[in-house]
Amino acid sequence: MKPTSNTQQIRKTAVLCCLLLCSVLLGGCWDRREVNDVAFVMGTGLDKEGDQYRVTMQIALPGQLGSSGSTGGGGGTSGTKSYYLESKTGPSFRGASTEEQREVSRTLNYSHRRVLLLGETLAREGISKMMDVIARIPQNRLSSLVVITKGSAMEMLQADAPIEQYPAEMVRELNFSYMKKPRSVKLLMNSVLLEGIDPVVPVMSLVKNGPDSLKDKKTNIQVDGLAVFRQDRLTGIIDNHLSRFLLLGMEQAKETEIFIPPPKGRGYISVHLIENKVHIEPFIRGDEIRMTVHMNCNGNVKENETSFDISREENLKWLEQQTVEEIKRELGEAVHVIQQKYHSDVLGLGRAIITNHPDEWKRIKPQWEQLYPKVEVTIDPVVHIENIGAVTKPFGVKKEQIQNE
Numbered sequence: 000m001k002p003t004s005n006t007q008q009i010r011k012t013a014v015l016c017c018l019l020l021c022s023v024l025l026g027g028c029w030d031r032r033e034v035n036d037v038a039f040v041m042g043t044g045l046d047k048e049g050d051q052y053r054v055t056m057q058i059a060l061p062g063q064l065g066s067s068g069s070t071g072g073g074g075g076t077s078g079t080k081s082y083y084l085e086s087k088t089g090p091s092f093r094g095a096s097t098e099e100q101r102e103v104s105r106t107l108n109y110s111h112r113r114v115l116l117l118g119e120t121l122a123r124e125g126i127s128k129m130m131d132v133i134a135r136i137p138q139n140r141l142s143s144l145v146v147i148t149k150g151s152a153m154e155m156l157q158a159d160a161p162i163e164q165y166p167a168e169m170v171r172e173l174n175f176s177y178m179k180k181p182r183s184v185k186l187l188m189n190s191v192l193l194e195g196i197d198p199v200v201p202v203m204s205l206v207k208n209g210p211d212s213l214k215d216k217k218t219n220i221q222v223d224g225l226a227v228f229r230q231d232r233l234t235g236i237i238d239n240h241l242s243r244f245l246l247l248g249m250e251q252a253k254e255t256e257i258f259i260p261p262p263k264g265r266g267y268i269s270v271h272l273i274e275n276k277v278h279i280e281p282f283i284r285g286d287e288i289r290m291t292v293h294m295n296c297n298g299n300v301k302e303n304e305t306s307f308d309i310s311r312e313e314n315l316k317w318l319e320q321q322t323v324e325e326i327k328r329e330l331g332e333a334v335h336v337i338q339q340k341y342h343s344d345v346l347g348l349g350r351a352i353i354t355n356h357p358d359e360w361k362r363i364k365p366q367w368e369q370l371y372p373k374v375e376v377t378i379d380p381v382v383h384i385e386n387i388g389a390v391t392k393p394f395g396v397k398k399e400q401i402q403n404e
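Under numbering that gives the first Met the number 0, think of the first position of the sequence shown as 0, with each following residue one higher.
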């Protein structure tokens with residue numbers, strides 16, 4: 000039976016109404032927010048002052064982010080710097096941020112935040128409260144890089160940092176030049192929640208660029224080592240020297256320079272390690288736990304200020320072996336510090352047990368905090384020097400003065 004013309008008309012009307020309703024959903028301007036009404040936070044510093052939390056925000060001034068000849072603009076955002084600092088205290092992180100919003104005429108936007116700076120005092124009390132705020136609000140960027148500051152995080156955000164447009168950008172670039180995988184908020188959260196490994200974060204501080212006699216000195220930012228955690232609390236700081244070797248053991252070293260003295264005479268040979276692979280092998284017998292950290296390193300010779308001839312094969316082998324001994328000594332000392340002094344498993348020894356012997360981990364997990372400082376760790380590196388440079392003999396040294404063995 001064919002539908003009547005009345006029925007067809009009703010269907011057509013219904014379809015037309017549906018199309019009209021769908022068109023309402025295509026409107027994209029009902030919740031628009033103009034760029035001139037948004038304040039982009041490029042970096043945030045968190046400090047603890049007594050029982051209050053201080054939150055400092057570095058807000059970009061678009062009118063100053065152009066060329067050096069720019070005269071400002073961007074809707075009243077001109078000034079002498081490319082950023083503006085807003086800092087407030089409150090009983091909680093969110094409370095301090097709310098106070099800041101009351102003094103900023105634009106809506107604070109965190110989706111472009113590059114770095115999150117945590118003051119040392121705050122980090123020693125624990126970072127779980129801060130992580131709760133960041134994880135709970137979807138707008139927060141989990142790829143923001145985390146740094147521990149010596150002293151106040153607010154002071155670091157006021158650094159001159161003349162090379163970059165604003166200090167937060169310099170902190171970000173230093174992170175990428177220091178570690179293969181810089182510690183982002185996401186990686187930090189994972190290491191806090193993951194069993195068998197503790198977090199580790201770069202430490203930075205302010206420094207003057209040059210001697211006291213230099214005129215027009217600027218404050219810059221430098222990397223000072225690694226902050227090691229036990230769960231969510233900072234327990235200690237590894238100095239810049241040992242941290243380079245600790246990064247090797249974590250397979251996170253970007254570039255490592257090792258200076259080897261010659262068999263005779265003075266000076267050093269500089270070995271530059273360009274890549275390394277790490278594998279941790281656990282051995283468990285009852286409560287006796289041993290770990291072997293296998294390392295495979297490749298490097299080049301960057302400098303030879305000695306009279307030792309490294310172009311000879313036997314001498315190059317000697318240099319490789321001396322580099323191996325230096326790694327064993329320095330990384331062994333770093334492991335001793337994190338085990339005995341700070342009780343922080345940043346190498347992931349517990350994680351190696353979970354991966355290789357999950358049943359044993361279930362048995363020793365309740366006692367791991369007591370067993371960890373007693374774990375015997377053996378460093379087993381293999382070093383291969385691929386290139387000694389364009390100059391094979393010690394430069395400027397007479398033939399009769401060259402050491403051949």
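We treat Cβ as the ideally placed atom computed from N, Cα and C, and that holds for glycine.
By the neighbour-count definition (other C-beta atoms within 10 Å, threshold 16), Q339 is an exposed residue. Taking C-beta atoms as the reference points, L272 and T291 fail to come closer than 8 angstroms. Between V170 and G42, the C-beta gap is smaller than 8 angstroms, which places the two residues in contact.
Its chain contains Y52 as the residues whose beta carbon lies nearer than 7 angstroms to that of S91, once the 5 sequence neighbours on both sides are disregarded; these appear in chain order. Around the beta carbon of D238, fewer than 16 other beta carbons lie within 10 angstroms, which makes this residue exposed.
For P380, the closest of G298, L84 and G264 by C-alpha to C-alpha distance is G298. For the pair V374 and I288, the CB atoms are nearer than the 8 angstroms cut-off. The C-alpha of V145 lies about 44 angstroms from the C-alpha of S306. Counting C-beta pairs closer than 8 angstroms gives three or more between the region 179 to 197 and the region 223 to 235, which meets the contact rule. A Cβ-Cβ separation of about 17 angstroms leaves A38 out of contact with V114 under the 8 angstroms criterion. Under the DSSP definition of a beta bridge, N35 lacks any partner.
Counting only runs that start and end inside the region 312 to 339, the alpha helix (DSSP H) elements of at least 4 residues fall at 312 to 335.
The beta carbons of G125 and R265 sit no closer together than 8 angstroms. Shown here, L115 sits in a strand according to DSSP, grouped into three states. The beta-carbon distance between S110 and S143, rounded to whole angstroms, is 10 angstroms. This is too long to meet the 8 angstroms contact definition. Taking C-beta separations shorter than 8 angstroms and ignoring five residues to either side along the sequence, the partners of L241 in its chain run G224, E329, E332, A333 and V336, following chain order. Its Cα nearest to that of M56, the residue E98 stands out among D50, E98, R32 and C17.
A residue is called buried once 16 or more other Cβ atoms fall within 10 Å of its Cβ, and P161, having fewer, is exposed. By the CB criterion at 8 angstroms, E319 and H278 fall outside the cutoff.
T354 and N174 have their C-alpha atoms roughly 29 angstroms apart.
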